[in-house]
Ligand code: AMP
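Numbering (my numbering), first residue to last: 86 to 555.
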């Protein structure tokens with residue numbers, strides 16, 4: 086199937102071509118004809134499947150059939166989505182796909198000044214992409230009128246409910262006309278979502294692309310059982326020894342995200358944290374620096390990371406498992422997007438075994454375990470092993486970054502000197518640590534160039550711990 090056969094207009098086909106898309110993804114192939122036909126749609130699709138274009142392209146096509154009446158400045162389509170970042174990304178997609186059409190759109194979210202948004206609205210827009218709270222602020226100020234809406238899209242509906250937006254959504258639905266086309270997208274279908282959809286959609290067409298609550302096939306998942314106190318050392322080691330250039334790391338709390346980001350910085354990794362307590366400016370900056378490669382590790386909480394679209398993100402790490410099993414699916418959906426391969430590694434300490442069981446129950450299968458020598462769940466009882474291994478990660482990063490002179494390198498060098506001292510001490514006192522590089526190499530093979538492939542399984546140095554298949 087190609088985009089031409091879906092019946093989209095020439096201006097949209099041109100924009101699609103400029104995006105480099107050659108064929109529709111499964112959700113696009115199914116959703117576009119339904120939306121073009123004018124029917125309501127209930128779609129099960131997680132982020133990363135191409136769902137944004139699945140609703141944006143036919144929405145633009147339909148709006149363009151009756152161009153904007155400049156005199157009345159009516160808002161004609163409303164896309165509601167929970168986190169600010171996702172609203173901004175959908176806004177970018179609307180701009181990209183609609184670049185050859187005379188339609189105007191704007192993005193509305195909280196955490197930034199309302200004035201510039203009001204000014205943009207004054208000129209009249211056809212499409213608003215908004216988070217629920219700020220949208221209702223505008224409605225109550227009289228700066229947005231939803232009474233002429235023709236198309237309503239609720240994206241990531243399950244997350245909006247999780248985030249407690251159900252009352253806002255019900256208020257918004259009361260403000261839009263009864264006669265409209267409604268599209269509801271959700272990665273998962275709880276009873277609550279089904280209830281909501283019953284009241285919102287009229288004889289909807291249902292489509293479900295990824296079987297519900299399953300994770301994208303191209304994502305390789307692994308569990309590394311690890312003592313809680315060794316998690317940070319293991320994470321630093323994995324990133325450094327495998328030379329991962331772009332890693333998204335999930336923590337459960339904002340405070341945990343800040344603390345981990347600081348620790349990783351001290352380990353010499355350029356790191357930023359992104360969570361709800363950060364200002365919108367800080368969040369946008371962290372994301373763009375992460376996307377551009379300036380920041381190597383982005384530590385995020387679930388809500389902040391929801392909907393982040395970073396092309397070709399190769400590594401996601403669950404530093405802590407989420408309490409809600411569905412969040413695991415959302416988290417790892419940040420990698421393996423649009424058909425790319427990706428890897429999701431979860432560091433699981435004994436206190437999280439219950440969460441892991443819930444996640445595996447939801448997925449309907451077990452995730453493979455791999456044990457990292459010196460870091461497994463029992464390793465807490467062997468502090469020397471743990472410390473000396475983490476120090477070696479610091480040493481290793483020092484070697485990798487030799488020759489450059491930025492502050493991180495200086496910090497690595499500083500850490501490494503103290504690491505070396507403690508390493509010498511540990512090596513003397515701990516015979517389980519491979520102290521003889523050549524002997525280690527004879528046993529485990531040549532050190533590899535660990536920048537690609539399945540990084541944890543490769544060894545960049547004879548001194549780093551080995552992974553034992555588990
Ligand atoms: P989404 O699930 O909407 O967040 O989209 C995930 C990613 O897939 C985005 O980076 C899109 O640019 C990309 N994408 C969407 N549709 C296609 C397509 N037909 N071919 C290739 N990439 C696509």
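For each residue, glycine too, the CB sits at the ideal point set by N, CA and C.
query	result
For residue 139, the first and last residue of its enclosing alpha helix (DSSP H)	136-150
Residue ranges of each alpha helix (DSSP H) within the segment 312-345, 4 or longer	316-327
Whole-angstrom C-beta distance between residue 453 and residue 308, which should lie under 8 Å	7 Å
Candidates 377, 189, 416 and 276, of which the one nearest residue 331 by Cα	377
Residue from 450, 142 and 221 with nearest C-alpha to residue 98	142
Opening and closing residue of the alpha helix (DSSP H) in which residue 305 lies	Per DSSP, residue 305 belongs to no alpha helix (DSSP H); it is in the beta strand (DSSP E), 304-310.
Cβ-Cβ separation, residue 116 to residue 292 (assumed contact under 8 Å), whole Å	6 Å
Proximity below 8 Å, CB of residue 405 to CB of residue 351	no
Three-state secondary structure (DSSP) of residue 172	helix
Contact test: residue 106 Cβ vs the ligand AMP heavy atom, cutoff 7 Å	yes
Endpoints, the beta strand (DSSP E) within which residue 270 is located	266-271
Within 8 Å, strictly: CB atoms of residue 411 and residue 448	no
DSSP state of residue 487 mapped onto helix, strand, coil	Summary for residue 487: the model assigns pLDDT 36, below 50, so the residue's position carries little reliability, and this model does not support an answer.
Beta-carbon spacing of residue 346, residue 311 below 8 Å	no
Close beta carbons around residue 218, own chain, < 7 Å, minus the five adjacent residues each side	195 and 253
Buried/exposed call for residue 288, threshold 16 Cβ in 10 Å	exposed
Secondary structure, beta strand (DSSP E): runs of 3+ residues fully inside the segment 224-253	236-239
Any non-hydrogen atom of the ligand AMP closer than 7 Å to residue 136 Cβ	yes
Cβ-based neighbour list, residue 169, same chain, cut-off 8 Å, excluding 5 preceding and 5 following	194, 195, 196, 216, 365 and 368
CA-to-CA distance, residue 343 to residue 241, given in whole angstroms	26 Å
Best match in 281, 290 and 86 for proximity to residue 110 [C-alpha to C-alpha]	86
Touch test, the segment 222-232 against the segment 205-213, Cβ-Cβ under 8 Å, three pairs minimum	yes
Span separating the alpha-carbon of residue 370 from that of residue 179	22 Å
CB of residue 290 within 8 Å of CB of residue 126, strictly	yes
Close beta carbons around residue 149, own chain, < 7 Å, minus the five adjacent residues each side	94, 186 and 188
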